[in-house]
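See structure below.
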Amino acid sequence: MLKENVLPADTFVAINRTILNDQDRKLLTMLYQPIIGQTAISLYFTLWSYLDRNEIISLEWTHHHLMTSMRIKLSEIIEAREKLEGIGLIKAYIKKGNINHFVYELFSPLSAHEFLNNPVLDTSLYNNVGSTEYEKIISYFKIPKMNLKEYTDITCSFNEVFESTNLNSYDHVIQDIKKKNSNKLSIVSKIDLDTIFATIPEEMFNIRSVTKETKELLYKLSFIYDFDDEKMVNLIRNCLTEKRTIDKELLKKNSKRVYQFEHFGKLPSLLYRSQPEYLRKPVGDTSKKAKLIYQFETTTPYDFLSSKYDGIRLNKSDVATLEYLLIDMNLKPGVVNVLVDYVLKINNNKLTRSFIEVIAAQWARNKVETVEAAMDLAEKENKNRKVYVEKKSSKNRVLEEKPEWFEQNIEKNKASKEEMEEMQKMLSEFK
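Shown next as structure tokens:
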């Protein structure tokens, strides 16, 4: 995927690649909005509204017009557009020049049946709205059942109503007629299906029974639940039928159960895997600090924390802490990496939950979104923490290791409950 900077003066044209109707509005609002958010859906509706009377193509507009029309920042528009791209609602193209020209193609949302049977989308929807709202959504889209056992089917067939006559033959094929067109999710998985299938004995599994649909399901399940090759092998083995084929429904159920068991009943949510492009530091700076910023920006929080533990798979507590920072506190991945690095260095290489919550809440209130801003704030808090420590009794005071991007050493002693309250009060002064 190519990442291109967008300026307010850059222009765009919206093109409709499908047929949109009022039912699509309900699908977007009820199914997609809980996952990608109101801003992304609003952008989709705005692009839709720009289409001409025939709903085929729009006039050429600038991104500045989008900013004033939606009353949001350009960075928010870019993030919203990326979410629409990622979930398959639009495709973006660029023609470079003094002023860049973009084309945004609109695609239909998936039908309710397709959406709710996609494990990635269905799981994310459930996790974002909760069980009660999820059941209401299911009920809304369910077709009411009617018992027709006592009825007789009297529907006429085509040949019972129509008959063929001597007409001139007409074999012209008409191209480019409008039709309903959805865009599939594009997912690059880390699992290797060839390796996975090779580890299962032939007497248990018929590899020829695997269809393209089955492979796509396996990729989706591995992505949403973050399963590796070994875990997928065990799941497949437990979902094989007597005919040596994969029971796809059982596979989906077992995948969900395994993940919930390992994550205290929680289900995964869709997140930026690394720092969003528009929040990254511009390239060109080759300083030591710039290189460290790049590392924070391009590494996922899971991989970053795992690297701190020499590549060891994270335990449930650490994963839950990352989920709290990314989901509950809504911190950006790069910011989470800085916070994790800071806490590990000042807290004896431990992610104490109560300790992290104090700092995370302060950073969230300050709306820290970039890695550089997070590093600056961490350094400022570190200096004030040092002043605080120096005011306390010097008993049991121990010098601690500092992050490499700090200018000076800081001191460390295990914070008591009273000290944690004092620290929270101190951090609240930096707004």
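Residue numbers for the sequence shown follow numbering that gives the first Met the number 0, beginning at 0 and rising by one. Even glycine gets a Cβ: it sits at the ideal position worked out from N, Cα and C.
- With contacts defined by Cβ atoms closer than 9 Å, Leu234 and Leu216 do not form a contacting pair.
- Spanning the alpha carbons of Leu325 and Asn146 requires a straight line of approximately 48 Å.
- Residue range 32-35 is occupied by the alpha helix (DSSP H) that includes Ile35.
- A check of alpha carbon separations from Thr210 across Lys230, Lys219, Ile245, Asn365 identifies Ile245 as the nearest.
- If the five residues before and after Ala8 are omitted, its C-beta is found closer than 8 Å to the C-beta atoms of Thr61, His62, His63, Ile98, all from its own chain and listed in chain order.
- For Glu215, the enclosing alpha helix (DSSP H) starts and ends at 211-224.
- By the criterion of at least three beta-carbon pairs nearer than 8 Å, the segment 113-127 is not in contact with the segment 70-84.
- DSSP assignment within the segment 283-362 yields the following whole alpha helix (DSSP H) runs of 4 residues or more, N-terminal first: 287-297, 300-307, 315-322, 332-345.
- One alpha carbon belongs to Glu371, the other to Ile292, and they sit about 7 Å apart.
- For the pair Lys90 and Tyr103, the CB atoms are nearer than the 9 Å cut-off.
- Annotation: Lys230 is outside any beta strand (DSSP E); the continuous alpha helix (DSSP H) that includes it extends over 228-236.
- By the CB criterion at 9 Å, Asn346 and Lys307 fall outside the cutoff.
- For Glu261, the closest alpha carbon among the candidates Val128, Tyr224, Ser286 is that of Tyr224.
- By the neighbour-count definition (other C-beta atoms within 10 Å, threshold 16), Arg52 is an exposed residue.
- Under the three-state reduction of DSSP, Lys179 is assigned to coil, being neither helix nor strand.
- Under a 10 Å Cβ-count criterion, Leu6 is classified as exposed, with fewer than 16 other Cβ atoms of the shown protein chains found around its own Cβ.
- Non-local C-beta neighbours of Asp228 in its own chain, meaning closer than 7 Å and more than five positions away in sequence, comprise Ile190, Asp191, Thr194, Ile195, ordered along the chain.
- Taken atom to atom, the span from the alpha-carbon of Asn205 to that of Lys214 is near 14 Å.
- For Asn15, the enclosing beta strand (DSSP E) starts and ends at 10-15.
- In this structure, the beta-carbon distance from Val342 to Ile355 falls below 9 Å.
- Per DSSP, the unbroken alpha helix (DSSP H) holding Leu249 starts and ends at 247-261.
- Annotation for Lys82: the continuous alpha helix (DSSP H) segment containing it runs 73-85.
- The three-state reading of DSSP puts Lys90 in strand, counting E and B together.
- Straight through space, the alpha carbons of Val339 and Phe303 are spaced by roughly 9 Å.
- Excluding residues up to 5 positions away in sequence, Ile190, Ile195, Leu217, Ser221 lie with their Cβ nearer than 7 Å to the Cβ of Met231 in the same chain.
- Among the bridge pairs identified by DSSP, Trp47 is matched with none.
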